[in-house]
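Data first, discussion second: the structure below is written as C-alpha cells.
In full-length UniProt numbering, the protein residues as written are 1 to 355.
Rendered as C-alpha cells:
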C-alpha cells in the first residue's frame with residue numbers, strides 16, 4: 001500500500017529506484033518465489049504479515065497490514081483453509097473431485113455449493129460475452145496439451161482442433177433440479193479461466209470475516225486488495241511486460257477491488273506461443289489478437305473470467321463490453337508493441353492508448 005508520483009519510463013533508473021522504494025509491489029501475471037511466514041514492521045504499531053503457499057498449481061501469497069501480528073496470522077490461516085477447500089471442489093486435475101466426476105460420467109446429481117456457484121457464474125459470463133467465454137472448451141484444451149513442446153503448428157493441428165471444437169457449447173451444460181449434466185457424449189468442463197478468481201474471493205471473505213481491514217491476496221495473476229474506508233489508501237500493482245517477464249510494463253492503483261491478468265507468456269504449448277492455454281470457442285484455436293489482457297472488477301471471479309473472455313474479443317467489442325460492465329482494462333497487442341486501456345483505468349506508471 002503506497003501512494004506516490006513517479007517517472008513514466010519504467011526502464012529508467014529513476015523508475016527502478018521508485019519501484020524499490022515502493023516496497024513490496026504486487027505483480028499481476030508473475031509467480032512469486034520463496035515460502036513461509038514474513039513479518040515486517042511498516043510503521044509504528046503497524047506490521048505487514050505475509051504467508052505464501054502453493055495452491056491451484058501456482059504460488060499464492062496472502063498479505064495483511066495489522067497492529068496485531070498474531071491475529072493477522074490467524075486470519076491468513078483461515079483464508080488459506082477456505083481457499084483450499086474451495087479449490088478442491090473446482091479442480092479438474094483430481095480424479096475424485098466433483099468436477100472430474102462430472103467430466104467422466106457426464107452428470108453429477110449432487111453439485112457442491114462452490115462448484116454450483118462457479119458453474120452458474122461461468123454460464124452467466126458465456127451469455128454476457130456471446131460465447132467468448134465457454135467452460136466446455138476442455139476437449140480442445142486437452143488436445144493442445146498433447147502438442148506441448150512443438151516448434152510450431154500447421155493446418156493439420158488446426159483441423160484436429162476444429163473437430164474437437166464440435167464438442168464445445170455452453171448451451172449443452174445443464175444446471176437444474178437434476179444437478180449438472182453434459183448433454184452430448186464427449187463433452188467436458190474446465191473452470192481454469194474462472195475458478196482461481198472465485199477461490200481468491202473466498203480468501204478475501206475469510207480475511208474480512210476475521211476483521212482484517214488492509215489485505216491483499218496474490219494468486220499469480222489474480223489479485224484482490226482490501227483497503228478499508230480511507231480513500232487515500234490503496235495498493236500498487238505491477239503488470240508484467242509480456243515481451244520480457246522480468247520487467248514491469250505498467251503500475252495500477254487497486255483499492256477494494258480485484259484485478260486479473262491473462263497472457264500467452266506463462267502457459268503455452270508451441271514455441272512460437274501461437275498455441276496457449278486460452279481457447280477461442282468460435283474457432284477452436286488460441287486467439288491471436290493479444291499477448292496480455294488485464295481486467296479490474298469488484299470481484300475476482302468476474303475479473304478472472306472477463307480477462308479470459310477478452311482474449312477472444314476484437315478491440316471494439318472488448319471496449320464496449322467492459323464499459324457496459326463498468327470494468328477497467330489494459331490490453332497488449334500480440335507483439336506487445338501496442339497497448340490499449342479503458343479511460344478510467346487508474347494507471348500511475350506506463351503508457352497505453354485510451355479507447
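Ideal Cβ positions, reconstructed from N, Cα and C, are used throughout, including at glycine.
Given the structure is predicted, the values throughout are model-derived calculations rather than measurements.
Going by the DSSP bridge assignment, what does residue i pair with across the sheet?
i	result
residue 66	47
residue 210	According to DSSP, residue 210 bridges with nothing at all.
residue 179	176
residue 188	For residue 188, which the question treats as bridged, DSSP gives no partner whatsoever.
residue 353	340
So for residue i, helix, strand or coil by DSSP?
i	result
residue 347	strand
residue 236	strand
residue 272	coil
residue 216	strand
residue 332	strand
residue 289	coil
residue 87	helix
residue 204	helix
residue 76	helix
residue 100	helix
Could you give the distance in angstroms between the alpha-carbon of residue i and the alpha-carbon of residue j?
i	j	result
residue 190	residue 99	8 Å
residue 13	residue 243	Unreliable positioning characterises residue 13 in this predicted model, as indicated by a pLDDT of 35, which lies under 50. A coordinate reading is not provided.
residue 232	residue 287	39 Å
residue 155	residue 228	53 Å
residue 101	residue 108	7 Å
residue 21	residue 202	In this prediction, residue 21 scores a pLDDT of 31, lower than 50, which makes its location untrustworthy; the coordinate-derived value is nonetheless stated afterwards. C-alpha separation (whole angstroms): 31 Å.
residue 151	residue 49	44 Å
residue 274	residue 169	23 Å
residue 106	residue 204	33 Å
For residue i, collect the residues of the same chain with a Cβ closer than 7 Å to its Cβ; drop the 5 residues on either side in sequence, then sort them by chain order.
i	result
residue 344	328
residue 115	89, 90, 98, 99
residue 162	284
State yes or no: is the C-beta of residue i nearer than 7 Å to some heavy atom of the ligand HEM?
i	result
residue 160	The ligand content of the structure shown is nil, which means the ligand HEM is not present either.
Grab me the residues of residue i's own chain with a C-beta within less than 8 Å of its C-beta, minus the 5 sequence neighbours each way, in chain order.
i	result
residue 342	319, 322, 323, 327, 328, 329, 330, 354, 355
Can you list, in chain order, the residues of its chain with a C-beta nearer than 6 Å to that of residue i? Leave out the 5 residues immediately preceding and following it.
i	result
residue 200	217, 219, 222, 224, 300
residue 111	179, 180
residue 188	103, 138, 139
residue 351	none
### Task
Could you tell me whether the region 248-268 touches the region 116-126, where touching means 3 or more Cβ pairs closer than 8 Å?
no
#### Entry: Segment contact, 8 Å Cβ cut-off, at least three pairs: the region 279-293 with the region 131-143
yes
### Task
Specify whether the region 45-58 and the region 78-92 touch according to this definition: at least 3 beta carbon pairs, one from each stretch, less than 8 Å apart.
yes
### Message
With three or more beta-carbon pairs closer than 8 Å as the criterion, would you say the region 63-78 touches the region 205-222?
### Response
Touching, per the Cβ criterion.
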